[in-house]
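Peer 1: Residue numbers (our numbering): 135 to 648.
Heads up, the beta-carbon is just placed ideally off N, CA and C, and yes, glycines get one too.
Note that this is a predicted model, so its numbers are computed, not measured.
Handing you this structure, nothing more for now.
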């Protein structure tokens, strides 16, 4: 094939690939390799296109039968609807995974109908679209009638009432997920402002993992409905608007009462352009407290919990003590460590880490919003009291936490964090986060401070492994000296207090004190 660079006046500017003029396609050689291909990914978002003439040559000269007879996964992301239909060349009954870019077009219903005839055993469906779901919903709902579907992934605001109602009838559906906005578009928030699926008996018979976008109150009604998927082990709720703490508490109470098998829970308000955010910040008394989360403490199987909200929560050190001691089986806890910055520092200090190190031996990931500008005297290195260290921690997320100096924080964390623990700082999707702050009018010193804190946390992440390693080596050295001192003391007792042994003992005691 040869490539030509298309100019900006072309409908598809970028590299355009076509066959050389008068070339003959060697189908015999192609067929030998075609049997080995299991996955095909065609992505035109990279501005690389196969010319229409090339597709027509393939269509009219290809041998009888399937082009790629053993193909199992097809990812076809065309930039326009008139380039979508070429994906049908590769579809057949063995294709199990399908990822499509959906476009609003009069030809889309026909394309979907043909697709369903060819891909009869589809188990995984992933949809992308730059259009809101209301423009393409009637076209793509037939895709959900496929009885073999086991997993569906759609943009953030695609799971409407009608969409979820149809998914509830899929007999073998195990997993419903939302895609990352930066990858597959989001849809339109207004399409899910009302979320009230109609569930019939035997709805979601085998569903294990569920993600959807809704108001918290609508999520409560959905999960409390008689035929709701109460057997799920994973739940992700994209909250489309911040609600009152009492409503959030009712949601957690519903989870505790209805979803007894839940292992992993995510409640996520995304700070991004267009999100309905409150400004100025509400008073602390109107924010989530420990009491908001208390119903979750009765969820015996819950091991992974993430909560993202708009502003920092109204929680204290005593709350962290109670939370950690009541939840020893925790493996992941991310507690709103990337809130909108305020003029006041975080309520929690580095001391908030200690109870989780003491009470949660299985904790692998922890995220808190912390004030690390001042180290409390009781926590300065070396600590006057021995601190329990994390046994399994792999990742400590500090988000937008403030930090003044790297060295004292590194010295303190070296007492808690195991060697190899990763420090994660900054915010998710910084560009979207920054635009959201612009829209709120947060243009002052807080933006500059966040950058400075991020730089210091990055430096801290480089220093911490060195300090932790030195601390471990020092611990080993002290243990060896203590063992030697005990051996010498025993020898002195046996030999009646020899002066040379006594001299060595005095030297070791001096080293231990120093």
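Can you check DSSP and say which residues form a bridge with residue 595?
Peer 2: As a first step, residue 595 must be located in the chain shown, where it is residue number 461. Paired residues: none, contrary to the question.
Peer 1: For residue 335, name the three-state secondary structure that DSSP assigns.
Peer 2: Walking along the chain shown from the start, residue 335 turns up at place 201. The answer is coil: DSSP assigns residue 335 none of H, G, I, E or B.
Peer 1: Just to confirm, are residue 600 and residue 553 a CB contact at a threshold of 8 Å?
Peer 2: Stepping through the chain shown from its first residue, residue 600 is reached at position 466. Stepping through the chain shown from its first residue, residue 553 is reached at position 419. No, the Cβ-Cβ distance between residue 600 and residue 553 is not below 8 Å.
Peer 1: In this structure, how does DSSP classify residue 284 when only helix, strand and coil are distinguished?
Peer 2: Along the chain shown, read from residue 1 onward, the residue named residue 284 stands at position 150. In the structure shown, residue 284 sits in coil (DSSP, three-state: anything other than H, G, I, E or B).
Peer 1: How many Å lie between residue 450 and residue 482 at the Cα?
Peer 2: Your numbering for residue 450 matches position 316 in the chain shown. Your numbering for residue 482 matches position 348 in the chain shown. If I take the Cα positions, the gap works out to 6 Å.
Peer 1: Identify, in the order they occur along the chain, each residue of the same chain with its Cβ nearer than 7 Å to the Cβ of residue 403, setting aside the five sequence neighbours on each side.
Peer 2: Working through the chain shown from its first residue, we reach residue 403 at position 269. The residues are 373, 376, 442, 443, 444.
Peer 1: For the candidate residues 276, 340, 361, 264, whose alpha-carbon lies nearest to that of residue 321?
Peer 2: The residue labelled residue 321 in the question sits at position 187 within the chain shown. Per the Cα distances, 264.
Peer 1: So with Cβ pairs under 8 Å, would you call residue 314 a contact of chain C?
Peer 2: Looking for chain C here will not work: only one protein chain is present.
Peer 1: With a CB to CB cut of under 6 Å and the five nearest residues on each side skipped, what residues in its chain are close to residue 257?
Peer 2: If you number the chain shown from 1, residue 257 lands on position 123. Around residue 257: 230, 282, 284.
Peer 1: Roughly how many whole angstroms lie between the Cα atoms of residue 177 and residue 212?
Peer 2: Walking along the chain shown from the start, residue 177 turns up at place 43. Walking along the chain shown from the start, residue 212 turns up at place 78. Spanning the two alpha carbons is a distance of roughly 6 Å.
Peer 1: If you pair each beta-carbon of the region 566-585 with each one of the region 458-466, do three or more pairs fall below 8 Å?
Peer 2: These segments do not touch.
Peer 1: Is the distance from the Cβ of residue 224 to the Cβ of residue 267 below 8 Å?
Peer 2: Here the question's residue 224 lines up with position 90 in the chain shown. Here the question's residue 267 lines up with position 133 in the chain shown. Not in contact: residue 224 and residue 267 (Cβ atoms no closer than 8 Å).
Peer 1: Please classify residue 452 as buried or exposed, where buried requires at least 16 other C-beta atoms within 10 Å of its C-beta.
Peer 2: For this step, residue 452 is matched to residue 318 along the chain shown. So residue 452 counts as exposed.
Peer 1: Consult DSSP for residue 348 and reduce its assignment to one of helix, strand or coil.
Peer 2: Start at 1 with the first residue of the chain shown, and residue 348 comes out as number 214. The answer is strand: DSSP assigns residue 348 an E or B state.
Peer 1: To the nearest angstrom, how far is the alpha carbon of residue 678 from that of residue 617?
Peer 2: With the chain represented from 135 up to 648, any question about residue 678 goes unanswered, as that position is not in the structure.
Peer 1: Look at residue 528 and residue 499 and say whether their C-beta atoms are less than 8 Å apart.
Peer 2: Mapped onto the chain shown, residue 528 falls at position 394. Mapped onto the chain shown, residue 499 falls at position 365. Yes, these two residues count as a Cβ contact at 8 Å.
Peer 1: Taking residue 309 as part of the beta strand (DSSP E), name the residues at either end of that continuous run.
Peer 2: Counting from 1 along the chain shown, the entry for residue 309 is found at position 175. Counting along the chain, the beta strand (DSSP E) containing residue 309 begins and ends at 309-312.
Peer 1: According to the neighbour-count rule (16 or more other Cβ atoms, all chains shown, within 10 Å of its Cβ), is residue 440 buried or exposed?
Peer 2: Position 306 of the chain shown, counted from the first residue, corresponds to residue 440. Buried is the call here.
Peer 1: Determine the closest residue to residue 206 out of 571, 173, 583, with distance taken between C-alpha atoms.
Peer 2: Position 72 of the chain shown holds residue 206. Taking only the C-alpha atoms, the option nearest residue 206 is 173.
Peer 1: Please list the terminal residues of the continuous alpha helix (DSSP H) segment that includes residue 457.
Peer 2: Here residue 457 refers to the residue found at position 323 of the chain shown. 451-460 is the extent of the alpha helix (DSSP H) around residue 457.
Peer 1: Helix, strand or coil: how does DSSP classify residue 193 here?
Peer 2: Here the question's residue 193 lines up with position 59 in the chain shown. The answer is helix: DSSP assigns residue 193 an H, G or I state.
Peer 1: Checking 8 Å against the spacing of the C-beta atoms, do residue 161 and residue 197 come in under that value?
Peer 2: Residue numbering aside, residue 161 sits at position 27 when the chain shown is read from its first letter. Residue numbering aside, residue 197 sits at position 63 when the chain shown is read from its first letter. Against a cut-off of 8 Å, the Cβ pair of residue 197 and residue 161 comes out as a contact.
Peer 1: Counting along the chain, where does the alpha helix (DSSP H) carrying residue 244 start and finish?
Peer 2: Position 110 of the chain shown holds residue 244. Segment 242-252, the alpha helix (DSSP H) holding residue 244.
Peer 1: When the Cα of residue 358 is compared with those of 248, 380, 596, 386, which residue comes out closest?
Peer 2: Position 224 of the chain shown, counted from the first residue, corresponds to residue 358. The residue with the shortest Cα to Cα distance from residue 358 is 386.
Peer 1: Would you mind sorting residue 624 into buried or exposed? The rule is 16 or more other CB atoms within 10 Å of its CB.
Peer 2: As a first step, residue 624 must be located in the chain shown, where it is residue number 490. Classification for residue 624: exposed.
Peer 1: If I measure Cβ to Cβ from residue 459 and keep anything under 7 Å in the same chain, skipping five residues before and after, which residues do I get?
Peer 2: Here residue 459 is taken as the residue at index 325 of the chain shown, counted from 1. Here the set comprises 489, 493.
Peer 1: To test your reading of the DSSP string, which unbroken beta strand (DSSP E) runs of 3 or more residues are found completely within the region 393-427?
Peer 2: If we require 3 residues or more, the beta strand (DSSP E) runs fully inside the region 393-427 come out as 398-402.
Peer 1: I think residue 275 touches residue 300, with their Cβ atoms under 8 Å apart; what is that distance to the nearest whole Å?
Peer 2: On the chain shown, position 141 is the one that residue 275 refers to. On the chain shown, position 166 is the one that residue 300 refers to. Yes, they are in contact, since the Cβ atoms of residue 275 and residue 300 sit about 6 Å apart, within 8 Å.
Peer 1: Considering residue 177, what are the terminal residues of the alpha helix (DSSP H) in which it resides?
Peer 2: Within the chain shown, numbered from 1, the residue matching residue 177 stands at position 43. Per DSSP, residue 177 belongs to no alpha helix (DSSP H); it is in the beta strand (DSSP E), 173-177.
Peer 1: Which residues does DSSP pair with residue 211 in a beta bridge?
Peer 2: Position 77 of the chain shown, counted from the first residue, corresponds to residue 211. Answer by DSSP bridge pairing, in chain order: 177.
Peer 1: Beta-carbon separation of residue 191 and residue 222 under 8 Å?
Peer 2: The residue given as residue 191 occupies position 57 in the chain shown. The residue given as residue 222 occupies position 88 in the chain shown. No, they are not a contact pair.
Peer 1: Do residue 561 and residue 538 have their C-beta atoms within less than 8 Å of each other?
Peer 2: As a position in the chain shown, residue 561 is number 427, starting the count at 1. As a position in the chain shown, residue 538 is number 404, starting the count at 1. Against a cut-off of 8 Å, the Cβ pair of residue 538 and residue 561 comes out as no contact.
Peer 1: Here's the rule I'm using: 16 or more other beta-carbon atoms within 10 Å means buried, otherwise exposed. How should residue 389 be labelled?
Peer 2: Along the chain shown, read from residue 1 onward, the residue named residue 389 stands at position 255. Looking at its Cβ environment, which holds 16 or more other Cβ atoms inside 10 Å, residue 389 is buried.
Peer 1: When burial is assigned at 16 or more other CB atoms within 10 Å of the CB, is residue 613 buried or exposed?
Peer 2: Stepping through the chain shown from its first residue, residue 613 is reached at position 479. Per the 10 Å Cβ criterion, exposed.
Peer 1: Taking residue 532 as part of the beta strand (DSSP E), name the residues at either end of that continuous run.
Peer 2: If you number the chain shown from 1, residue 532 lands on position 398. Note, residue 532: beta strand (DSSP E), 529-533.
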